[in-house]
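Residue numbers (the working numbering), protein chains in the order written: chain A, 76 to 181; chain B, 79 to 291. Heads up, the beta-carbon is just placed ideally off N, CA and C, and yes, glycines get one too. Remember, predicted model here, so these are calculated numbers, not experimental data.
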């Protein structure tokens, strides 16, 4: 089963990668095991977001640029409003990277 | 052929004889160009803004620019199609911008393929009469499509003529051709102008317009 590696770019993913890199550098962890950890991270993130996260956000803004390549959509929005039931947030510039979840099961 | 609407259902004032100061508005120009070199579409899609590339579905990069507002299809062969411009000059300008984006030299063979224009003659038209009289050129089946399809031979143009008096002209390779086609069809449309009310309706006259076109 393939995984999406895009969650490795999140703050938590970056911290994990940094930690694993440190452990591999000082020999406490083998590189193969580090990769296995990251793959498990990808799977867990996908599962958790799918099964455990119920909240929805509406995003509205001006589309500055868009790109579709390798089945990945990349959007850059300006003056965006992130709205959900509880609160609203205004963001000057935001980049959205989206992968098609249907491709996970190939 | 059925006569669907002869009663003055439209509230168009036919008393004022409008002079044909009717303008044709170009809606869409489709043009092609050849950048004369092979392109790496993946690289273009990854680096250019506002680009889409889904080779499984379509073998070209779809790119858009805001000024002139157009869409281009860019193929690996170097050939490109530019759509959406409102004039030939704008289409050329847009094509040049796409070429600049791809940063290739030797911009060759810019050619306009199809121009679409619309206009409104400001009076309703008896499509059935027109179809009968010009039957070599017309195709009118209101059950399938409410517009009459008129295939003009010279200049080679297809006109969609509607009861409302609105006309769509397509198939021309230049603005001059579109205007010429319109100038030729206008007297025919005037000849089949719809009468205002049944009481004062003109008797239907079938003129033989075949020699003109």
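Quick one: is residue i near chain A, going by C-beta distance under 9 Å?
i	result
residue 175 (chain B)	no
residue 127 (chain B)	yes
residue 137 (chain B)	no
residue 120 (chain B)	yes
Applying the criterion that 16 or more other CB atoms from any shown protein chain within 10 Å of the CB defines a buried residue, is residue i buried or exposed?
i	result
residue 158 (chain B)	buried
residue 202 (chain B)	buried
residue 115 (chain B)	exposed
residue 123 (chain A)	exposed
residue 225 (chain B)	buried
residue 135 (chain A)	exposed
residue 110 (chain B)	buried
residue 212 (chain B)	buried
residue 163 (chain A)	exposed
residue 89 (chain A)	exposed
residue 146 (chain B)	buried
residue 206 (chain B)	buried
residue 250 (chain B)	buried
residue 245 (chain B)	buried
residue 117 (chain A)	buried
residue 263 (chain B)	buried
residue 117 (chain B)	buried
residue 204 (chain B)	buried
residue 235 (chain B)	buried
residue 172 (chain A)	exposed
residue 142 (chain A)	buried
residue 107 (chain B)	buried
residue 99 (chain B)	exposed
residue 134 (chain B)	exposed
residue 243 (chain B)	buried
Could you work out which residues of chain B lie near residue i, taking near to mean beta carbons separated by less than 8 Å?
i	result
residue 121 (chain A)	Those within 8 Å of residue 121 (chain A) in chain B number zero; the least Cβ separation is about 23 Å.
Any beta carbon from chain B within less than 9 Å of residue i's own beta carbon?
i	result
residue 79 (chain A)	no
Quick one: which chain A residues come within Cβ less than 7 Å of residue i?
i	result
residue 130 (chain B)	143
Less than 8 Å between the CB of residue i and some heavy atom of the ligand FMN, yes or no?
i	result
residue 81 (chain A)	The ligand FMN is not among the ligands present in this structure, which contains no ligands whatsoever.
Report the neighbours of residue i on chain A: residues whose CB is nearer than 8 Å to its CB, in chain order.
i	result
residue 294 (chain B)	Only positions 79 to 291 of chain B appear in this structure, which leaves residue 294 (chain B) out of reach.
For residue i, which residues in chain A fall below 9 Å Cβ to Cβ?
i	result
residue 123 (chain B)	142, 143, 144, 145
Report, in whole angstroms, the separation of the C-beta atoms of residue i and residue j, which I expect to be a contact under 8 Å.
i	j	result
residue 247 (chain B)	residue 256 (chain B)	5 Å
residue 151 (chain A)	residue 177 (chain A)	Actually they do not touch by this definition, with Cβ atoms about 24 Å apart.
residue 95 (chain A)	residue 104 (chain A)	7 Å
residue 140 (chain B)	residue 129 (chain B)	7 Å
residue 113 (chain B)	residue 154 (chain B)	Wrong, their Cβ atoms sit about 11 Å apart, outside the cutoff.
residue 105 (chain B)	residue 241 (chain B)	With 8 Å as the limit, residue 105 (chain B) and residue 241 (chain B) do not qualify as a contact, their Cβ atoms being about 20 Å apart.
residue 237 (chain B)	residue 259 (chain B)	7 Å
residue 227 (chain B)	residue 210 (chain B)	That pair is no contact at about 15 Å.
Of all the CB atoms in chain C, is at least one closer than 9 Å to the CB of residue i?
i	result
residue 141 (chain B)	The question asks about chain C, but that chain is absent: this structure's protein chains are A and B.
(request) For the stretch 122-141 of chain A, enumerate the residues whose C-beta is nearer than 8 Å to any C-beta of chain B, in chain order. (result) 140, 141
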